[in-house]
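Student: So the sequence lines, in the order shown, correspond to chains A and B.
For the first sequence, counting from 1, position 112 maps to 112 in our numbering; every step adds exactly one.
One gets our numbering by counting positions in the second sequence from 1 and adding 1000 to each.
Before anything else, here's the structure in question.
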Amino acid sequence: MLAAFEWHILWQRIFHPDHVFVLALWRTIYISVAAQVFGVLLGLIAALMRMSKIWPLRVLSGLYVLVFRGTPVIVQIFFVYFGANLLFGFNLIPRTADFGLFQLDGAAFAGIVALSINEGAYMREIIRAGIDAIDRGQMEAARSLGMHYRLAMRRIVLPQAARVIVPPLGNEFNNMLKTSSLIFFIGVTELFGDAEIRYSTTFKPVEYFTAVAFWYLVLTTIWSVIQAQIERKLSVSERGEEPSFRERVFQAWAPVAAWGRGAR
Amino acid sequence: MSSNGFVMSAHEVRKRFGRLEVLKGVSLEVKRGEVVCVIGPSGSGKTTFIRCIHHLEKIDGGRIEVNGHLIGYREQNGKLIEDSERSIARQRAEIGMVFQRFNLFPHKTALENVIEAPVQVRGVPKRQAIQQAEELLRRVGLADKRDVYPGKLSGGQQQRVAIARALAMRPALMLFDEPTSALDPEVIGEVLDVMKELALEGMTMIVVTHEMGFAREAADRVVMMDDGRIIEEGTPEHFFREPREERTKQFLSKILV
Chain A
1 MLAAFEWHIL
11 WQRIFHPDHV
21 FVLALWRTIY
31 ISVAAQVFGV
41 LLGLIAALMR
51 MSKIWPLRVL
61 SGLYVLVFRG
71 TPVIVQIFFV
81 YFGANLLFGF
91 NLIPRTADFG
101 LFQLDGAAFA
111 GIVALSINEG
121 AYMREIIRAG
131 IDAIDRGQME
141 AARSLGMHYR
151 LAMRRIVLPQ
161 AARVIVPPLG
171 NEFNNMLKTS
181 SLIFFIGVTE
191 LFGDAEIRYS
201 TTFKPVEYFT
211 AVAFWYLVLT
221 TIWSVIQAQI
231 ERKLSVSERG
241 EEPSFRERVF
251 QAWAPVAAWG
261 RGAR
Chain B
1001 MSSNGFVMSA
1011 HEVRKRFGRL
1021 EVLKGVSLEV
1031 KRGEVVCVIG
1041 PSGSGKTTFI
1051 RCIHHLEKID
1061 GGRIEVNGHL
1071 IGYREQNGKL
1081 IEDSERSIAR
1091 QRAEIGMVFQ
1101 RFNLFPHKTA
1111 LENVIEAPVQ
1121 VRGVPKRQAI
1131 QQAEELLRRV
1141 GLADKRDVYP
1151 GKLSGGQQQR
1161 VAIARALAMR
1171 PALMLFDEPT
1181 SALDPEVIGE
1191 VLDVMKELAL
1201 EGMTMIVVTH
1211 EMGFAREAAD
1221 RVVMMDDGRI
1231 IEEGTPEHFF
1241 REPREERTKQ
1251 FLSKILV
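This is the structure:
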C-alpha cells in the first residue's frame, strides 16, 4: 500500500506552497507570538499578585491558576468564542476586531485571547519560580540603597530572574506553536486547519498531514535556534566577557592552524 | 542637624520572631564620627539589631532615630504607625549597609553596581555618577576592576566594591553586618584596611564583628551583646584589660585564641 502514498503532493506542499498555505503559516506564527507575549504579561502580573501583601490579590491569582491549568485548552477556547457571548449577553468577539492600525478576524482574536489566558496560568508558575530563585539578599541590598520595591524588582530582581525564566519560556513557546492548532476548531484556518481542509476535499490525509508535520518541525527548529541565541546572550554577565562571533571562529580554528604549522 | 546631637539613637528596641524575643530592650547612642563595634555570641541579636536600624526588620517596641528622624515609623497621636514604602526608602538612602555575603548585583559590573543607586534613586546624571564611582573604586583599591563582573572578583574584592556601592549614596551612617566573616582569612585584611581608613576619615560606623584587632585599632567604643541585651559597654582597651561581666570574659577568651 506504500505505493499509494502520493509523493508529489508532499513535495508540492513542501517546495511549492501556495499563497493560501503561506497565509495559514503566517496565522500560526502571529497567533502564537501574540498569545505568548500576552501570556507572559498575564503571568508576570499574576506572579506579582501572588507575592502581594494584599490577600484578595493572592487569592485571585491562585484561582486563576487553579481554573486555567485545571481545564482543557480546547474548552477554554470554545468558552471564550461561544460562551462569553451567551453568558454575559454581549458580543465579546466581533466578527472582525478593528484595532485602528489593522483588523483581525474575530475567531483569530478569540483564539489569541483564550491561548493567552491559558498560557498566563503556566507562565505565572514559571515566573514565580524564577523570582524565588534569586537570593533574598539581592532585594535587601537594593532596598538598603534606597530603592523602593518596584524599582528594585525592575532593576535588580527581574533581570536576574529572566535568566532562570528563559529556558522554560522557550519550551512554552514551542508548545504554543503546536497548541495553536486547536483554534482550527473555532474556524481559524491556520497550518493545521489548512491541511484539514485540503484533505477533506482530496481524501489524501496522510500526505497533507505529513506535510503539515514538516512545517511545524521547521517552525520549532527555527525557534530552538533563536532560543539558544537568547540564552547565550543572557548568560554573558555570569561568565564575564563574551567573545564575538569572529573571535569564536578564530578560537575554533586555532588548533587546526597550529597543527597545520606543526606539520610543515 | 540632629535634634539630640546623635547620628543614631536607639531606645529600648524590642523585636520578636514568633515566640522568640531576640531584642529585649536595646538602647544605644552613636555620635557623629564615632565608630562602635558590636560583639557577642551568635544568636545574641547583634545582626538583628543593625538590621532594625535599617528597617530591614520591623521593631515591636521602642524607637530608633537616625539624624533625628524616626526610622520606619511616624508618630500619630502618640502612637507609632509604619511609614510608607517610599519614605522608608528615602530614609534607607541615608544609611549605608554592608552585608556579610556582599550581595553585589551579579548582572552588573563593579562600576554599574556603584552607580546604580545614585542614578536610579537620586537621579544623579550618569556621567557625574561614573566620575564619583571611579573615585570610590580608587579609594577601595579597585580602579582597575571597574568593568569586571562580581563573579570574577575574589570575596575581598567583592566586599570592597560593596563598601564603595554603599558610600556612593553619601550616607550619614554606615552599618556593617559581619563584613569579614564570609571571607577567606588571607583577604580579611584588605577589607579591614578600607574600613579603618573610612573610620579615620570620620565616617560614623556601627560594625558587627568578631575582629577584635579592628576594634582595638579603629573603634571608639565596643558594645557586648548577649541574649538580646547590651550587657557591657566600654573602650576597646577596657575589653582587653578588664572586662567586667563573666559572660564577656568567656566570649572574649573564645575569640581571642
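By construction, the Cβ of each residue, glycine as well, lies at the ideal position given by its N, Cα and C atoms.
Model, not experiment: these values are computed from the prediction.
Kindly indicate the opening and closing residues of the alpha helix (DSSP H) around A/S32.
Tutor: As a working note, residue 32 of chain A is residue 32 in the first sequence. Run containing A/S32: 19-50, per the alpha helix (DSSP H) assignment.
Student: Taking only beta-carbon atoms, is B/F1049 less than 9 Å away from chain A?
Tutor: Your numbering for residue 1049 of chain B matches position 49 in the second sequence. Not an interface residue.
Student: According to DSSP, simplified to helix, strand and coil, what is B/M1174?
Tutor: Residue 1174 of chain B sits at position 174 when you count from the first residue of the second sequence. B/M1174: strand per DSSP, three-state reduction.
Student: Ordered along the chain, which non-local residues of its own chain (more than five positions away) have a Cβ less than 7 Å from that of B/V1124?
Tutor: As a first step, residue 1124 of chain B must be located in the second sequence, where it is residue number 124. Contacts found: P1118.
Student: Are any of the Cβ atoms in chain C nearer than 9 Å to that of A/Y81?
Tutor: Included in the structure are the protein chains A and B, with no chain C among them.
Student: So, for A/V80: in the same chain, excluding its five sequence neighbours on each side, which residues have a beta-carbon less than 6 Å away from its beta-carbon?
Tutor: One-based indexing of the first sequence puts residue 80 of chain A at position 80. Within the same chain, A/V80 has close Cβ partners A110, V113, A114.
Student: Should A/L169 be flagged as near chain B, meaning a C-beta pair shorter than 9 Å?
Tutor: Start at 1 with the first residue of the first sequence, and residue 169 of chain A comes out as number 169. Answer no: the Cβ-Cβ gap between A/L169 and chain B never drops below 9 Å.
Student: Using a Cβ cut-off of 9 Å, pull out every chain A residue sitting near B/V1121, in sequence order please.
Tutor: Position 121 of the second sequence, counted from the start, is the residue given in the question as residue 1121 of chain B. Residues of chain A whose Cβ lies closer than 9 Å to the Cβ of B/V1121 are, in chain order, L145, G146, M147, H148, L151.
Student: Going by DSSP, which residues form a beta bridge with B/A1010?
Tutor: For the purposes of this step, residue 1010 of chain B is taken as residue 10 along the second sequence, with counting starting at 1. DSSP output for B/A1010 lists B/L1028, B/I1064 as bridge partner(s).
Student: Using three-state DSSP, classify B/G973 as helix, strand or coil.
Tutor: Coverage of chain B is limited to positions 1001 through 1257, which leaves residue 973 of chain B absent and any answer about it impossible.
Student: Helix, strand or coil for A/Y265? Go by DSSP, reduced to three states.
Tutor: Limits of chain A in this structure are 1 at one end and 264 at the other, which puts residue 265 of chain A out of reach.
Student: Mind reading off the beta-carbon distance from B/A1172 to B/V1114? Whole number of angstroms is fine, and I expect it under 8 Å.
Tutor: Numbered from 1 along the second sequence, position 172 holds the residue referred to as residue 1172 of chain B. Numbered from 1 along the second sequence, position 114 holds the residue referred to as residue 1114 of chain B. Incorrect: roughly 19 Å between the Cβ atoms, too far for contact.
Student: Please classify A/E172: is it buried, with 16 or more other beta-carbons within 10 angstroms of its beta-carbon, or exposed?
Tutor: Along the first sequence, one-based indexing puts residue 172 of chain A at 172. When all chains shown are included, A/E172 counts as buried.
Student: What residue range is occupied by the uninterrupted alpha helix (DSSP H) comprising B/V1119?
Tutor: Translated into positions along the second sequence, residue 1119 of chain B becomes position 119. First-last for B/V1119: undefined, no H or E at that position.
Student: Hey, out of A/I156, A/G120, A/T210, A/A34, whose CA is closest to B/Q1120's CA?
Tutor: Here the question's residue 1120 of chain B lines up with position 120 in the second sequence. Comparing Cα-Cα distances from B/Q1120 to each of A/I156, A/G120, A/T210, A/A34, the minimum goes to A/I156.
Student: Starting from B/L1056 and walking both ways along the beta strand (DSSP E), at which residues does that stretch end?
Tutor: The residue given as residue 1056 of chain B occupies position 56 in the second sequence. Segment: none, B/L1056 is in no beta strand (DSSP E) and carries neither H nor E.
Student: At 8 Å on the CB atoms, spell out the chain B contacts of A/A161, in chain order.
Tutor: Here residue 161 of chain A corresponds to residue number 161 of the first sequence, with the count starting at 1. Within 8 Å Cβ-Cβ: nothing; A/A161 doesn't reach chain B, min ~10 Å.
Student: For B/E1242, verify whether its CB is less than 8 Å away from any heavy atom of the ligand ADP.
Tutor: Within the structure as shown, the ligand ADP is missing, as the structure has no ligands at all.
Student: Please report whether the beta-carbon of B/H1069 lies at a distance below 9 Å from any beta-carbon of chain A.
Tutor: For the purposes of this step, residue 1069 of chain B is taken as the residue at position 69 of the second sequence. No, B/H1069 does not count as interfacial toward chain A.
Student: Would B/V1100 and B/P1179 be called neighbours here (beta carbons separated by less than 9 Å)?
Tutor: Locating residue 1100 of chain B in the second sequence gives position 100, counting from the first residue. Locating residue 1179 of chain B in the second sequence gives position 179, counting from the first residue. The residue asked about is misnamed: residue 1100 of chain B is Gln in this sequence, not Val. For B/Q1100 and B/P1179, yes; Cβs fall inside 9 Å.
Student: Rounded to a whole number of angstroms, what is the C-alpha to C-alpha distance between A/T220 and A/P17?
Tutor: As a first step, residue 220 of chain A must be located in the first sequence, where it is residue number 220. As a first step, residue 17 of chain A must be located in the first sequence, where it is residue number 17. Straight across, the Cα-Cα distance linking A/T220 with A/P17 is about 19 Å.
Student: Shorter than 9 Å from the beta carbon of B/F1306 to some beta carbon of chain A?
Tutor: With chain B running from 1001 to 1257 in the structure shown, residue 1306 of chain B is simply not present.
Student: Sort A/N174, A/Y122, A/W215, A/A129 by Cα distance to A/L42 and report the nearest one.
Tutor: In the first sequence, the residue the question calls residue 42 of chain A occupies position 42. The shortest C-alpha separation from A/L42 is found at A/Y122.
Student: What's the call for B/Q1157, buried or exposed, on a 16-neighbour Cβ count within 10 Å?
Tutor: Position 157 of the second sequence, counted from the first residue, corresponds to residue 1157 of chain B. The residue in question, B/Q1157, is buried, as its Cβ has 16 or more Cβ neighbours within 10 Å.
Student: Report yes or no: do three or more beta-carbon pairs, one from the segment 1003-1012 of chain B and one from the segment 1187-1203 of chain B, lie closer than 8 Å?
Tutor: With a cut-off of 8 Å, the segment 1187-1203 of chain B and the segment 1003-1012 of chain B do not count as touching, because too few Cβ pairs lie within range.
Student: Using DSSP with H/G/I as helix, E/B as strand and the rest coil, what is A/H148?
Tutor: By 1-based counting over the first sequence, the position of residue 148 of chain A is 148. In the structure shown, A/H148 sits in coil (DSSP, three-state: anything other than H, G, I, E or B).
Student: What residue does the alpha helix (DSSP H) around A/Y199 start on, and which one ends it?
Tutor: As a position in the first sequence, residue 199 of chain A is number 199, starting the count at 1. Taken as a continuous stretch (DSSP letters only), the alpha helix (DSSP H) holding A/Y199 covers 191-202.
Student: Going by DSSP in three states, A/Y81 sits in which element: helix, strand or coil?
Tutor: By 1-based counting over the first sequence, the position of residue 81 of chain A is 81. Three-state DSSP puts A/Y81 in a helix.
Student: Which chain B residues sit within Cβ distance under 8 Å of A/R155?
Tutor: Position 155 of the first sequence holds residue 155 of chain A. The contacting residues are E1116, Q1120.
Student: When we look at the beta-carbon of A/A195 and count the other beta-carbons within 10 Å, is it buried (16 or more) or exposed?
Tutor: As a working mapping, residue 195 of chain A is identified with position 195 in the first sequence. Burial call: buried.
Student: Can A/I54 and A/I183 be called in contact, C-beta distance under 9 Å?
Tutor: Taking the first residue of the first sequence as position 1, residue 54 of chain A is located at position 54. Taking the first residue of the first sequence as position 1, residue 183 of chain A is located at position 183. Not closer than 9 Å, so no.
Student: Report the rounded CA-to-CA distance for B/E1029 versus B/K1046, giving the unit in angstroms.
Tutor: As a working note, residue 1029 of chain B is residue 29 in the second sequence. As a working note, residue 1046 of chain B is residue 46 in the second sequence. C-alpha separation (whole angstroms): 15 Å.
Student: Could you tell me whether the Cβ of B/F1099 comes closer than 9 Å to any Cβ of chain A?
Tutor: One-based indexing of the second sequence puts residue 1099 of chain B at position 99. Judged by the 9 Å Cβ criterion, B/F1099 is in contact with chain A.
Student: For B/K1145, does the count of other Cβ atoms within 10 angstroms reach 16, so buried, or fall short, so exposed?
Tutor: The residue labelled residue 1145 of chain B in the question sits at position 145 within the second sequence. B/K1145 is buried by the Cβ-count criterion.
Student: Taking CB distances under 9 Å as the criterion, tell me whether A/E140 reaches chain B.
Tutor: Within the first sequence, the letter at position 140 stands for residue 140 of chain A. Yes, A/E140 counts as interfacial toward chain B.
Student: Of the residues A/W223, A/G62, A/D132, A/S52, which one's Cα is nearest the Cα of A/N175?
Tutor: In the first sequence, counting from the first residue as 1, residue 175 of chain A sits at position 175. Nearest option by C-alpha distance: A/W223.
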